[in-house]
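Undergrad: This structure is in structure tokens; I'll ask about it shortly.
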Amino acid sequence: MARLTKKQKEARAKVDKNKLYSIEEASALLKEITYTKFDASVDLAVRLGVDPRKANQMVRGVVSLPHGTGKDMKVLALVTPDKEDEAKAAGADYVGLDEYLQKIKEGWTDVDVIVTMPSIMGKLGPLGRVLGPRGLMPNPKTGTVTMDVAKAVSEVKAGKIDFKVDKTGIVHAPIGKASFSADKLVGNANELLTTLMKLKPTAAKGTYVKSIYMSSTMSPSIAIDTKIG
């Protein structure tokens, strides 16, 4: 087992493992225990009382974080020529169609989000094995398959993210960077949790939000009181 560094020991010592923190307390504490030299990502891990193997208990959605993610999201717009100027004006990093389909076929996936149009989805089907595992396949439910390409690109650039419960019943989602003020982390966390609450499946029985943990890259996790989630 790897030895803890002095900074890792100091960070762990500041987190009371027997305490459930409020979102405000956790956000402030996280800034104290993040010691990376780079601007670490801050994430929430929310364990839900659902069985993701059942279609009627799948939790998936999108949320526009009020303070953005802090990450410059690279967006590929796969569009017809008449939509290219619209996508570029909205801030898409890559715009085109056939040439990018070929690049993806060859294994290129250097983007965070792909936005496309309904008429093009048929061409993306064969690329599912490349895009699916990386979470890059566009989906109408997340607003990435649309005729309003400009709006979709703008929303992603402004901090719109999509999330999905994994096979263990946990939703992992970024809520900002360690450089964010505690207030901004609180705002983003509350927006995500509020959205998750609205998505509770009617088929889910018992406790819906079982646990919430906040952490940054390489930091200890901070347990958050689920009564506020």
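Numbered by full-length UniProt numbering, the letters in the sequence shown go through residues 1 to 229 in order. We treat Cβ as the ideally placed atom computed from N, Cα and C, and that holds for glycine. All values derive from a computational prediction rather than experimental measurement.
1) Taking the Cβ atom as the reference point for each residue, do residue 74 and residue 112 lie within a distance shorter than 7 Å?
2) Between the beta-carbon of residue 174 and the beta-carbon of residue 69, is there less than 7 Å?
3) Take residue 43 and list the residues in its own chain whose beta-carbon comes closer than 7 Å to its own, dropping the five residues that flank it on each side.
4) Here's a check: name, in chain order, each residue in its chain whose Cβ is nearer than 8 Å to the Cβ of residue 128, leaving out the five neighbours to either side.
5) For the beta strand (DSSP E) containing residue 214, name the first residue and the last one.
6) Return the CA-CA distance between residue 13 and residue 104, expressed in angstroms with no decimal places.
7) Determine the DSSP secondary structure at residue 71, reduced to helix, strand or coil.
8) Just to confirm the assignment, what range does the beta strand (DSSP E) spanning residue 98 have?
9) By the 10 Å Cβ neighbour count, where 16 or more other Cβ atoms means buried, how is residue 116 classified, buried or exposed?
10) Measure the alpha-carbon distance for residue 50 versus residue 85 and round it to whole angstroms.
11) Which word fits residue 189, buried or exposed, when buried means at least 16 other C-beta atoms lie within 10 angstroms of its C-beta?
12) Please report the straight-line C-alpha distance between residue 38 and residue 124, rounded to a whole angstrom.
13) For chain B, find out if any of its Cβ atoms is closer than 7 Å to the Cβ of residue 167; answer yes or no.
14) If we ignore side chains and look at the alpha-carbon of each, how far apart do residue 79 and residue 149 end up?
15) With a cut-off of 8 Å on the beta carbons, I'd call residue 146 and residue 62 a contact; round off their distance for me.
16) Can you give me the Cβ contacts of residue 184 inside the same chain, cut-off strictly under 7 Å, excluding the 5 residues immediately before and after it?
17) DSSP three-state label for residue 61, please.
18) Would you say residue 201 and residue 8 are within 7 Å of each other, going by their C-beta atoms?
19) What did DSSP end up calling residue 12 once you bin it into helix, strand or coil?
20) From what residue to what residue does the beta strand (DSSP E) around residue 136 run?
TA: So, from the data block:
1) yes
2) yes
3) 172, 173, 174, 175, 215
4) 137
5) 209–216
6) 46 Å
7) coil
8) Element bounds for residue 98: not the beta strand (DSSP E) but the alpha helix (DSSP H), 98–105.
9) buried
10) 43 Å
11) buried
12) 35 Å
13) Absent from the structure: chain B. Only one protein chain is present.
14) 8 Å
15) At roughly 12 Å, the Cβ-Cβ gap does not stay under 8 Å, so residue 146 and residue 62 are not in contact.
16) 67, 176
17) strand
18) no
19) helix
20) Segment: none, residue 136 is in no beta strand (DSSP E) and carries neither H nor E.
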